[in-house]
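Protein sequence lines, in the order shown, are assigned to chains A and B.
Mapped onto this note's numbering, the consecutive letters of the first sequence carry residue numbers 26 to 148.
Mapped onto this note's numbering, the consecutive letters of the second sequence carry residue numbers 26 to 148.
C-beta atoms are modelled at their ideal positions from N, C-alpha and C, and glycine is treated no differently.
None of these values were measured; they are calculated from a predicted model.
These notes concern the structure reproduced below.
2 protein chains.
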Amino acid sequence: MTQPSKSELAILKVLWVEAPLSAREIQEKAGPQLDWSFSTTRTTLSRMVDKALLRPNTKHGVRVYTPVDSKARTLSGVMREFFGTVLEMKGPLPTAAFHDSKMLSEMEWLELDRLLNESGDDD
Amino acid sequence: MTQPSKSELAILKVLWVEAPLSAREIQEKAGPQLDWSFSTTRTTLSRMVDKALLRPNTKHGVRVYTPVDSKARTLSGVMREFFGTVLEMKGPLPTAAFHDSKMLSEMEWLELDRLLNESGDDD
DNA sequence: ACATGTATGTTACATCAGTAACATCTGTCA
DNA sequence: TGACAGATGTTACTGATGTAACATACATGT
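Here it is in structure tokens:
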């Protein structure tokens, strides 16, 4: 699974709050922060579909996007990669330290902890 | 300060163990892991100088490279960036959780803690 | 002085990500 | 039914990074 880039992560974040959303809706929610033109948002969405980060669907005639992986699963991959390459920590990772990050709910932290610690393979 | 890429970080890591080193020496230490040709290593070194990640010097007629920033300073930047964008944690960051990472000595962890927590500006 | 081996300088090419325009298609309103 | 708005498809350009070869210069032994 390819890791999302910084920009792609920004888009995933809005879709984790609410999905599916159309390109137009995503632009409205993420565009201001990203300072992107609508075109740019669309290109990025298209590439994310290519990379299987998003799954496209057609609802009421428009194309809408849904994240393929849950927030916890995606972040566990990103965090594993980070800790592995930057800090060279391979085994179980400490996540309790971040539980006040607001990025994830208690439930999601539980899932992330499970993914990060219960061996490298996933369901 | 530009963040080092994954490959650049690998080179920094060998130079944090011992510096300055020549391109040839760096290749001997990092090449096998990176699986790079000597040419590739040299190109990367050159770009790192451009980005002010390394400072070149000439010792005994050969070009040697020294990291511009300490391990602690570099990693603090990388970690701040990561926690900011991925986990959206802006204030003081918890690092105690990683103290068994082996990447840094006690002294270096102290420096890193200081850099990460004592406001955004640095000396 | 010449050859041979390192060291250094220069150039090249692919891919990906950032950033965006142009072109087309289609449905809806007047 | 014709025009316009919005949706989708296609193409383009730049910079960074991965990856590497070619070409040249310099030192050292014979």
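Contact annotation for phenylalanine 63(A) against chain B: no contact, minimum CB-CB distance about 23 Å [criterion: below 7 Å]. Looking at Glu113(A), Gln28(A), Asn82(A), the one whose alpha-carbon comes closest to that of serine 47(A) is Asn82(A). Taking a C-beta distance under 8 Å as the contact criterion, leucine 78(B) and proline 117(B) do not qualify as a contact pair. Counting along the chain, the unbroken alpha helix (DSSP H) around threonine 99(A) starts and ends at 96 to 111. Going by C-alpha positions, aspartate 94(A) is about 27 Å away from phenylalanine 123(B). When Cβ-Cβ separations below 8 Å define contact, glutamate 113(A) makes contact with chain B.
Burial check for methionine 26(A): the Cβ neighbour count within 10 Å stays below 16, so the residue is exposed.
A contact is defined here as three or more CB-CB pairs under 8 Å, and the stretch 36 to 54 of chain B meets this definition with respect to the stretch 90 to 107 of chain B.
Look at leucine 34(A): its C-beta is under 8 Å from a C-beta on chain B. The Cβ-Cβ distance between valine 89(A) and proline 29(A) does not fall below 8 Å.
The continuous beta strand (DSSP E) containing threonine 91(A) extends over residues 87 to 92.
Per DSSP, leucine 40(A) lies in no beta strand (DSSP E) segment; the continuous alpha helix (DSSP H) that holds it begins and ends at 31 to 42. Met114, Leu118, Pro119, Thr120, Ala121, Ala122, Phe123, Asp125, Ser126, Lys127, Met128, Leu129: these are the residues of the stretch 114 to 141 of chain A whose beta carbon lies less than 9 Å from some beta carbon of chain B, given in chain order.
Taken atom to atom, the span from the alpha-carbon of alanine 35(A) to that of valine 87(B) is near 45 Å. The contact set of threonine 110(A) on chain B, defined by CB atoms closer than 9 Å, consists of Lys31, Leu34, Ala35 in chain order.
The Cβ of valine 42(A) sits no closer than 8 Å to any Cβ of chain B.
Within the DSSP bridge table, the entry for arginine 80(A) names Thr91(A) as partners. With respect to glutamate 113(A), lysine 127(B) sits close: the two C-beta atoms are nearer than 8 Å. The alpha carbon of serine 71(A) has as its nearest neighbour, out of Val103(A), Glu33(A), His85(A), Arg105(A), the alpha carbon of Glu33(A).
Leucine 59(A) has a beta carbon lying at 8 Å or more from every beta carbon in chain B.
The contact set of valine 39(A) on chain B, defined by CB atoms closer than 8 Å, is empty, because the minimum CB distance reaches about 13 Å.
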